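With the numbering used here applied, the sequence shown covers 200 to 617.
Quick reminder that beta carbons are idealized off the backbone N, C-alpha and C, glycines included.
This structure is a prediction, so every number in the text was calculated from the model and none was measured.
One structure is given here, and the rest of the page talks about it.
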Amino acid sequence: MPVITQSPDLDNALVNPANWADENWVHEQFSWMRANEPLKYLSPEGFDPFWNVTRYADIKAIEGNKAVFINDPRPTLGQKMMTEVLQQMTGRKHLVRSLVQMDDPDHMRYRRLTQGWFMGSNLRNLQQRIDELAVHYVDRMGEMGGECDFVKDVAIWFPLRVIMSIFGVPEEDEPLMLKLTQELFGSTDPDVARSFDMMDFMDVVLDFEKYFVELTEARRNKPTDDLASLIANSEIDGERLPQHETNGYYMIIATAGHDTTSASTAGGLLALLERPEEMAKLRADVDGLLPTAIDEMIRWVSPVRHFMRTATEDCDIGGQTIRQGESAILWYPSANRDESVFDAPFDFRVDRKDAKQIAFGFGAHVCLGQHLARMEMASLYRALLNRVEDIELAGEPQYTQSTFVGGLKTLPIRYRMK
Ligand code: HEM
Numbered sequence: 200m201p202v203i204t205q206s207p208d209l210d211n212a213l214v215n216p217a218n219w220a221d222e223n224w225v226h227e228q229f230s231w232m233r234a235n236e237p238l239k240y241l242s243p244e245g246f247d248p249f250w251n252v253t254r255y256a257d258i259k260a261i262e263g264n265k266a267v268f269i270n271d272p273r274p275t276l277g278q279k280m281m282t283e284v285l286q287q288m289t290g291r292k293h294l295v296r297s298l299v300q301m302d303d304p305d306h307m308r309y310r311r312l313t314q315g316w317f318m319g320s321n322l323r324n325l326q327q328r329i330d331e332l333a334v335h336y337v338d339r340m341g342e343m344g345g346e347c348d349f350v351k352d353v354a355i356w357f358p359l360r361v362i363m364s365i366f367g368v369p370e371e372d373e374p375l376m377l378k379l380t381q382e383l384f385g386s387t388d389p390d391v392a393r394s395f396d397m398m399d400f401m402d403v404v405l406d407f408e409k410y411f412v413e414l415t416e417a418r419r420n421k422p423t424d425d426l427a428s429l430i431a432n433s434e435i436d437g438e439r440l441p442q443h444e445t446n447g448y449y450m451i452i453a454t455a456g457h458d459t460t461s462a463s464t465a466g467g468l469l470a471l472l473e474r475p476e477e478m479a480k481l482r483a484d485v486d487g488l489l490p491t492a493i494d495e496m497i498r499w500v501s502p503v504r505h506f507m508r509t510a511t512e513d514c515d516i517g518g519q520t521i522r523q524g525e526s527a528i529l530w531y532p533s534a535n536r537d538e539s540v541f542d543a544p545f546d547f548r549v550d551r552k553d554a555k556q557i558a559f560g561f562g563a564h565v566c567l568g569q570h571l572a573r574m575e576m577a578s579l580y581r582a583l584l585n586r587v588e589d590i591e592l593a594g595e596p597q598y599t600q601s602t603f604v605g606g607l608k609t610l611p612i613r614y615r616m617k
């Protein structure tokens, strides 16, 4: 991608969710920033200022230093007004308290409770079920008669079903979970937001909480072997988790696990459709190339656009001093196109092996579901490439307007089943 001139008023433009629906604009701006102002203190209107971190090495240095860079009080970008209203109404800094709002010692203690669920033998036990679900959703493409919206008909439903069945939410409640997740992550996109009113946004969280309070009750009264039971009945220092933290835990598992994976799955397909030579390479060696192809899709999409950290003491990063109390925003899509790390970063290569993508973050908070996400995507692509051929674009893809979690919201395709 050529380095172009800086967009006028970049500080404000960068935090405007509408601009994030244009992937080219986003990457052009980040290319310019990496080359000219890789680490700059920005003060967009309506937001507290922050260091704008665009390089891979700087993000890794910040995330790797959890003693200095903490998540609380500012794990993500929020408008100043929203934070103030929340504080006045609830007396709390955050709508929920989940792993991403925590630092040690709480973070370590809470993360340990579920970490085993997302690793090793437990994941291997899920493989067969995940493969069956992947085949089921690809079969549904067959039933749709050769045309579908890959995002709305396949990519969002498959990871949702996987995470909800691990979690223990019944299938009939999945549309509700999907709606609430999209209203939460898409709160800045007119197509998905409940409205742009702060009260409506808070109602989304209250709707989640209402559902989760009932779920906690049910699992405490009658534990099963699902993840919701584990969280509802877990103890720290001999005490059950407080309701606010239980809700936060449920909410991050119920939301973080599917929009991200579906965005990577759909964005990966679009990248392949636009590059028939990469599609042909992958089809010629599906088992051999899937692991690198999946990581390349995740690098390419980087569906989590940012997280933030705040310095507890002065610290030198990338030639600048981040002062105690100052926050830094970590832009993963930019780090994943960093030309000092990736060879030809704007090439999509299913056999890329040159560097490890950083879309799952790094350090103590590195994505808990990263192995599950890779496993789900590999299952779906195995089923898809096995059963479907001659896939082509059948309309204009569209992206969500969000500076936090986002990706394709529609991907019309035409195809022929084998
Ligand atoms: C391609 C899919 C996914 C991407 C790109 C992604 C990305 C991320 C990122 C960037 C973070 C923050 C890391 C940091 O602060 O260093 C994160 C945290 C997290 N993710 Fe994912 N994620 C994905 C899928 C999943 C799945 C399937 C789950 C399953 C439940 C999940 C659960 C979580 C949780 C619980 C955290 C919080 C971890 C903590 O703060 O300790 N994610 N993810």
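Contacting residues, own chain, Cβ-Cβ under 8 Å from residue i (five flanking each side not counted)
{"i": "Met-574", "result": "Leu-322, Leu-325, Gln-326 and Ile-329"}
{"i": "Thr-275", "result": "Val-299, His-505, Phe-506, Met-507 and Phe-603"}
{"i": "Val-412", "result": "Gln-442 and Asn-446"}
{"i": "Glu-591", "result": "Leu-472, Ile-612, Arg-613 and Tyr-614"}
Cutoff 6 Å; reference residue i; Cβ partners in own chain excluding five residues on either side
{"i": "Leu-312", "result": "Ser-433"}
{"i": "Ile-362", "result": "Gly-456 and His-457"}
{"i": "Ser-501", "result": "Tyr-531, Pro-532, Asn-535 and Ala-558"}
{"i": "Arg-522", "result": "Asp-513"}
{"i": "Lys-239", "result": "Asn-251"}
Same chain only: Cβ atoms within 7 Å of residue i, ignoring 5 sequence neighbours per side
{"i": "Leu-426", "result": "Thr-313, Trp-316, Ile-365, Phe-366, Gly-367 and Ile-452"}
{"i": "Asp-553", "result": "Phe-541 and Asp-542"}
{"i": "Ser-242", "result": "Asp-210 and Pro-248"}
{"i": "Gly-345", "result": "Arg-613, Tyr-614 and Arg-615"}
{"i": "Val-625", "result": "Any property of residue 625 remains undetermined from this structure, which presents the chain solely from 200 to 617."}
{"i": "Arg-308", "result": "Ile-435"}
{"i": "Gln-278", "result": "Gly-245 and Phe-246"}
{"i": "Thr-423", "result": "Gly-367"}
{"i": "Leu-377", "result": "Ile-355 and Leu-359"}
{"i": "Ala-462", "result": "Val-500, Pro-502, Gly-605, Gly-606 and Leu-607"}
{"i": "His-293", "result": "Gln-300"}
{"i": "Ile-497", "result": "Ser-463, Gln-556 and Ala-558"}
Residue range of the unbroken alpha helix (DSSP H) whose run includes residue i
{"i": "His-570", "result": "569 to 586"}
{"i": "Trp-224", "result": "222 to 235"}
{"i": "Leu-529", "result": "Element bounds for Leu-529: not the alpha helix (DSSP H) but the beta strand (DSSP E), 526 to 530."}
{"i": "Arg-308", "result": "305 to 314"}
{"i": "Lys-259", "result": "255 to 262"}
{"i": "Val-337", "result": "319 to 342"}
{"i": "Thr-445", "result": "442 to 455"}
{"i": "Ile-430", "result": "426 to 432"}
{"i": "Leu-168", "result": "Limits of the chain in this structure are 200 at one end and 617 at the other, which puts residue 168 out of reach."}
{"i": "Ala-212", "result": "209 to 213"}
{"i": "Asp-458", "result": "458 to 472"}
Nearest candidate by alpha-carbon position, reference residue i, set the options
{"i": "Thr-459", "options": "Thr-282, Leu-567 and Leu-414", "result": "Leu-567"}
{"i": "Asp-589", "options": "Met-478, Pro-374, Asp-348 and Val-214", "result": "Met-478"}
{"i": "Ser-230", "options": "Arg-615, Leu-584 and Ser-539", "result": "Ser-539"}
{"i": "Thr-509", "options": "Asp-302, Gly-245 and Val-284", "result": "Asp-302"}
{"i": "Leu-584", "options": "Arg-273, Met-340, Gly-290 and Lys-239", "result": "Met-340"}
{"i": "Thr-415", "options": "Ala-431, Lys-292 and Ala-333", "result": "Ala-431"}
{"i": "Arg-296", "options": "Ser-578, Leu-440 and Asp-399", "result": "Leu-440"}
{"i": "Glu-342", "options": "Arg-586, Ile-435 and Arg-548", "result": "Arg-586"}
{"i": "Val-549", "options": "Val-503, Pro-596 and Ala-483", "result": "Ala-483"}
{"i": "Ala-455", "options": "Leu-571, Arg-536 and Ala-417", "result": "Leu-571"}
{"i": "Asp-406", "options": "Ile-269, Leu-332, Arg-522 and Asp-372", "result": "Asp-372"}
{"i": "Ile-493", "options": "Met-232, Leu-377, Phe-411 and Phe-547", "result": "Phe-547"}
{"i": "Ala-534", "options": "Gly-245, Arg-233 and Ala-220", "result": "Arg-233"}
{"i": "Trp-224", "options": "Tyr-240, Pro-237, Lys-239 and Pro-207", "result": "Pro-207"}
{"i": "Leu-383", "options": "Leu-375, Val-404 and Glu-222", "result": "Val-404"}
{"i": "His-335", "options": "Phe-357, Asp-348 and Ser-320", "result": "Phe-357"}
{"i": "Val-267", "options": "Asp-352, Glu-525 and Pro-596", "result": "Glu-525"}
{"i": "Asn-264", "options": "Arg-551, Phe-561, Lys-239 and Pro-237", "result": "Phe-561"}
{"i": "Ile-261", "options": "Tyr-598, Thr-520, Gln-569 and Asp-537", "result": "Thr-520"}
{"i": "Tyr-598", "options": "Met-318, Met-281 and Lys-351", "result": "Lys-351"}
Boundaries of the beta strand (DSSP E) in which residue i is found, first to last residue
{"i": "Leu-241", "result": "238 to 241"}
{"i": "Asp-683", "result": "Lying before the first or after the last residue shown, residue 683 is absent from the chain, which here runs from 200 to 617."}
{"i": "Met-616", "result": "611 to 616"}
{"i": "Thr-509", "result": "505 to 510"}
{"i": "Val-252", "result": "249 to 252"}
{"i": "Trp-499", "result": "Note, Trp-499: premise wrong, no beta strand (DSSP E); alpha helix (DSSP H) at 485 to 500."}
{"i": "Ile-516", "result": "514 to 516"}
{"i": "Thr-520", "result": "519 to 521"}
Original post:
Does the pairing of the segment 466 to 474 with the segment 604 to 613 give three or more beta-carbon distances under 8 Å?
Top reply: Taking a cut-off of 8 Å for Cβ pairs, the segment 466 to 474 and the segment 604 to 613 touch, as three or more such pairs fall below it.
Original post:
Is the segment 548 to 557 touching the segment 444 to 460, taking contact as three or more C-beta pairs under 8 Å?
Top reply: Pairwise C-beta distances place the segment 548 to 557 out of contact with the segment 444 to 460, as fewer than three of them are shorter than 8 Å.
**OP:** State whether the segment 509 to 517 contacts the segment 486 to 498, with contact taken as three or more CB pairs (one from each stretch) at a distance under 8 Å.
**Re:** No: fewer than three Cβ pairs fall under 8 Å.
Subject >> Validate contact between the segment 236 to 254 and the segment 207 to 225 using beta carbons, cut 8 Å, 3 pairs >> reply: Contact between the segment 236 to 254 and the segment 207 to 225 is present, with at least three C-beta pairs closer than 8 Å.
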